[in-house]
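In the numbering used here, the protein residues as written are -13 to 379.
Just so it is clear, CB atoms sit at the ideal spot from N, CA and C, and this is done for glycine as well.
Structure first, then comments.
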């Protein structure tokens, strides 16, 4: 039974068992054979209903007045605690009169105990630990009514219960504001990173240098057959020395078949990562030492979703639904990867996009020296943003 006074309490407080301060009622279920017992407006609570917490008011089942006569009647402000099964310890405080099933012990508190205070105590690590320690050590844990009633809790005077609740509510309000701010900041971080890349692709992230070799001259040297696009309505006016060019004129692709993994029995003990171009990226690690792609760095591209990743380590791939893209010498692969990371085509997921559409997209291309400056600036800004994000974790 519970008799562990695990921490000191003020002199005006005392340790009390639940049955000293409340009546404990184990719920029951009116017979399902009597349809007239169900379908009314009296809530009949089950453990899943206690997810509502402090303000539990609705139930998955409802009793009629006849059904309520067959059930255990519980007044409002009763605190319900699940005492059997995987959800043992789940707690709710009902704000309307109702009843509960036999998986729940209902605590009907005496007048000098605030139900909100007792509810908070039930959520504490101490109380939850006591429930588990006093439950039967079986596959299906059960805490019977006697053992539950014997659990001791620290009890302050009623006025101090009120002060504690006021402080707890203030703290939860502060925590709620912090979580809201954190969510806003994280969302803003994602927007900021995207905005940085948008500015980079418009020539607004770093200053231009008139002494840079014009991108058109660079492009003629890199790929004499490249078609320079001079007018495209999808982009703002480019800075001097920039050009538009289709991705296909600066990017080559390979099919992934020679690099597909044979054995998907992955293990952290192995060294070669198996990649997908989707959000999962690294699916696992293989010990296969053949068919490993190592002409790096490279961009992997999901031919169905148009997701992409820059990769600078040897790898194998999971499936054929991917293109392996190499950037022509004289073009900064990270710059191209940045463009692709903010440029998606969304449509028929059964369609392969690289050859039909994506490779034809125009990319704004600055001189190579400016590409390098943009990459360095993006990395610096992203590192600063990541530092802020790490402080939130």
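Closest to residue 381 by CA distance: which of 267, 76, 19, 272 is it?
This structure leaves residue 381 out entirely; the chain is present only between -13 and 379.
Does the segment 21 to 29 come close enough to the segment 173 to 180 to have 3 or more Cβ pairs within less than 8 Å?
no
Residue 107 and residue 65: beta carbons closer than 7 Å?
Looking up residue 107 in the chain shown gives position 121. Looking up residue 65 in the chain shown gives position 79. In this structure, residue 65 does not lie closer than 7 Å to residue 107 by Cβ.
Counting only the same chain and skipping the five closest in sequence on each side, list residues whose C-beta sits under 6 Å from that of residue 312.
As a position in the chain shown, residue 312 is number 326, starting the count at 1. These residues qualify, in order along the chain: 238, 284.
What is the rounded straight-line gap between the Cα of residue -10 and the Cα of residue 138?
Numbered from 1 along the chain shown, position 4 holds the residue referred to as residue -10. Numbered from 1 along the chain shown, position 152 holds the residue referred to as residue 138. The pLDDT assigned to residue -10 is 47, lower than 50, so where the model puts this residue is not dependable; a value taken from the coordinates is nonetheless given after this. Whole-angstrom Cα-Cα distance: 8 Å.
Measure from the alpha carbon of residue 358 to the alpha carbon of each residue in 193, 159, 57, then state which is nearest.
Here residue 358 is taken as the residue at index 372 of the chain shown, counted from 1. Closest option to residue 358, Cα to Cα, is 193.
Are the segment 258 to 271 and the segment 319 to 332 in contact at 8 Å, needing three or more beta carbon pairs?
no
Taking 8 Å as the cut-off, does the segment 226 to 242 touch the segment 340 to 347 (at least 3 CB pairs, one atom from each stretch)?
yes
Among the candidates 17, 123, 286, whose CA atom is the shortest distance from the CA of residue 74?
As a first step, residue 74 is located in the chain shown; it is residue number 88 there, counting from the start. Residue 74 has its Cα closest to that of 123, out of 17, 123, 286.
Taking the alpha-carbon of residue -2 as reference, which of 38, 29, 146, 207 has the nearest alpha-carbon?
In the chain shown, the residue the question calls residue -2 occupies position 12. Out of 38, 29, 146, 207, 146 has the C-alpha closest to the C-alpha of residue -2.
Is residue 134 near residue 69, with beta carbons less than 7 Å apart?
Position 148 of the chain shown, counting from 1, holds the residue named residue 134. Position 83 of the chain shown, counting from 1, holds the residue named residue 69. The answer is yes: Cβ separation under 7 Å.
Roughly how many angstroms lie between the CA atoms of residue 279 and residue 263, to the nearest whole one?
The count along the chain shown starts at 1 and reaches residue 279 at position 293. The count along the chain shown starts at 1 and reaches residue 263 at position 277. In this model, residue 279 and residue 263 are separated by some 14 Å (Cα to Cα).
How many Å lie between residue 267 and residue 33 at the Cα?
Sequence index remark: in the chain shown, residue 267 carries index 281 (1-based). Sequence index remark: in the chain shown, residue 33 carries index 47 (1-based). Approximately 39 Å, taken between the alpha carbons.
Once you ignore the five residues that flank residue 185 on each side, which residues in its own chain have a CB closer than 7 Å to its CB?
The count along the chain shown starts at 1 and reaches residue 185 at position 199. The residues are 191.
Spell out the partners DSSP gives residue 309 in its beta bridges.
Looking up residue 309 in the chain shown gives position 323. Bridge partners of residue 309: 287.
With DSSP collapsed to three states, give me the class of residue 400.
No statement about residue 400 is possible, as the shown extent of the chain runs from -13 to 379 and does not include it.
Looking only at C-alpha atoms, which of -6, 328, 210, 215 sits nearest to residue 351?
Sequence index remark: in the chain shown, residue 351 carries index 365 (1-based). Comparing Cα-Cα distances from residue 351 to each of -6, 328, 210, 215, the minimum goes to 215.
Using 7 Å as the threshold, is the C-beta distance between residue 141 and residue 0 below it?
If you number the chain shown from 1, residue 141 lands on position 155. If you number the chain shown from 1, residue 0 lands on position 14. Contact flag set, yes.
Look up residue 12 in the DSSP assignment and say whether it is helix, strand or coil.
Position 26 of the chain shown holds residue 12. The answer is strand: DSSP assigns residue 12 an E or B state.
If you reduce the DSSP assignment to three classes, tell me which class residue -11 lands in.
Looking up residue -11 in the chain shown gives position 3. Note that residue -11 scores a pLDDT of 42, beneath 50, so its modelled location is shaky; the value from the coordinates is reported in the next line. Of the three classes helix, strand and coil, the one that applies to residue -11 here is coil, per DSSP.
Beta carbon of residue 62, beta carbon of residue 83: below 7 Å?
Taking the first residue of the chain shown as 1, we reach residue 62 at position 76. Taking the first residue of the chain shown as 1, we reach residue 83 at position 97. Cβ distance < 7 Å, so residue 62 and residue 83 count as in contact.
Within 10 angstroms of its Cβ, does residue 404 collect 16 or more other Cβ (buried), or is it exposed?
Outside the modelled stretch of the chain, which goes from -13 to 379, sits residue 404, for which no answer is possible.
Would you mind giving the Cβ-Cβ distance between residue 337 and residue 245, rounded to the nearest angstrom? I have them listed as a contact below 8 Å.
As a first step, residue 337 is located in the chain shown; it is residue number 351 there, counting from the start. As a first step, residue 245 is located in the chain shown; it is residue number 259 there, counting from the start. Contact flag wrong, Cβ pair sits at about 23 Å.
DSSP three-state call for residue 254: helix, strand or coil?
Residue 254 sits at position 268 when you count from the first residue of the chain shown. Residue 254: coil per DSSP, three-state reduction.
Whose C-alpha, out of 306, 159, 19, is nearest the C-alpha of residue 243?
Translated into positions along the chain shown, residue 243 becomes position 257. When only C-alpha atoms are compared, the closest one is 306.
Per DSSP, what kind of secondary structure is residue 5 in: helix, strand or coil?
Position 19 of the chain shown holds residue 5. Note: residue 5 maps to helix in three-state DSSP.
Is residue 271 helix, strand or coil when you go by DSSP?
As a first step, residue 271 must be located in the chain shown, where it is residue number 285. Here residue 271 sits in strand by DSSP.
Determine the direct distance from the alpha carbon of residue 163 to that of residue 323, and round the result to whole angstroms.
Here residue 323 refers to the residue found at position 337 when the chain shown is read from its first residue. Here residue 163 refers to the residue found at position 177 when the chain shown is read from its first residue. Their backbone Cα atoms lie some 37 Å apart in a straight line.
For the beta strand (DSSP E) containing residue 31, list its first residue and its last residue.
The residue given as residue 31 occupies position 45 in the chain shown. Residue 31 -> beta strand (DSSP E) spans 24 to 31.
Quick check on DSSP: helix, strand or coil for residue 184?
The residue given as residue 184 occupies position 198 in the chain shown. Helix at residue 184.
Can you name, in chain order, every residue of its own chain whose Cβ lies under 7 Å from the Cβ of residue 380, other than the five neighbours on each side?
For residue 380 there is no data in the structure shown, the boundaries of the chain being -13 and 379.
If we count the other Cβ atoms within 10 Å of its Cβ and call it buried at 16 or more, is residue 131 buried or exposed?
Position 145 of the chain shown holds residue 131. Exposed is the call here.
Quick check on the burial criterion: 16 or more other C-beta atoms within 10 angstroms. Buried or exposed for residue 161?
Position 175 of the chain shown, counting from 1, holds the residue named residue 161. By the neighbour-count rule (16 or more Cβ atoms within 10 Å), residue 161 is not buried but exposed.
Would you mind working out which of 199, 200, 229, 56 sits nearest residue 213, comparing C-alpha positions?
Taking the first residue of the chain shown as position 1, residue 213 is located at position 227. Checked all of 199, 200, 229, 56; the closest Cα to residue 213 is 229.
Give me whichever residues DSSP pairs with residue 48 in a beta bridge.
Taking the first residue of the chain shown as 1, we reach residue 48 at position 62. According to DSSP, which records beta bridges pairwise, residue 48 is partnered with 29.
I believe residue 183 touches residue 364 by the beta-carbon criterion, under 8 Å. Please report the beta-carbon distance rounded to the nearest angstrom.
Counting from one through the chain shown, the residue named residue 183 turns up at place 197. Counting from one through the chain shown, the residue named residue 364 turns up at place 378. In this structure residue 183 is in contact with residue 364, their Cβ atoms being roughly 7 Å apart against a cut-off of 8 Å.
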